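Accompanying notes for the structure given below.
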Amino acid sequence: MLGNVWEWCWDLYDPEVYGAYRVLRGGGWFDEHWSCRASVRRRSHPTFRTDDVGFRIARSLR
Numbered sequence: 001m002l003g004n005v006w007e008w009c010w011d012l013y014d015p016e017v018y019g020a021y022r023v024l025r026g027g028g029w030f031d032e033h034w035s036c037r038a039s040v041r042r043r044s045h046p047t048f049r050t051d052d053v054g055f056r057i058a059r060s061l062r
């Protein structure tokens, strides 16, 4: 499920090169149509703020 915003992931992008940068997935409302899919990713520092980045809370069924 995609939500029209880039979603923060817990994964580090490439810690040896980018340090604490995390993965963003999914594409936002301001991006090209091809980027609105789960396989598209970009990197960003956790302190970065913009209006098309969000997060999804996931919970197990147990």
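Residue 32 in my numbering is what sits at position 32 of the sequence shown, and the numbering runs on without skipping anything. Glycine included, C-beta positions come from ideal geometry on N, C-alpha and C. Since the model is a prediction, treat every value here as computed from it, not as a measurement.
Query raised in the report: asparagine 4 to glycine 54, Cα distance in whole Å?
Result: 9 Å
Requested in this report: Answer with buried or exposed for glutamate 7, where buried requires no fewer than 16 other C-beta atoms within 10 angstroms of its C-beta.
Outcome: buried
Requested in this report: Name the two residues that bound the continuous alpha helix (DSSP H) containing glutamate 16.
Outcome: 15-18
Report task. Taking valine 40 and arginine 56 to be in contact with their CB atoms under 8 Å, please state how far apart those CB atoms are, rounded to whole angstroms. Result -> Not really, about 16 Å apart at Cβ, beyond 8 Å.
**Report entry** Alpha carbon of tryptophan 10 to alpha carbon of arginine 43, nearest angstrom
**Finding:** 11 Å
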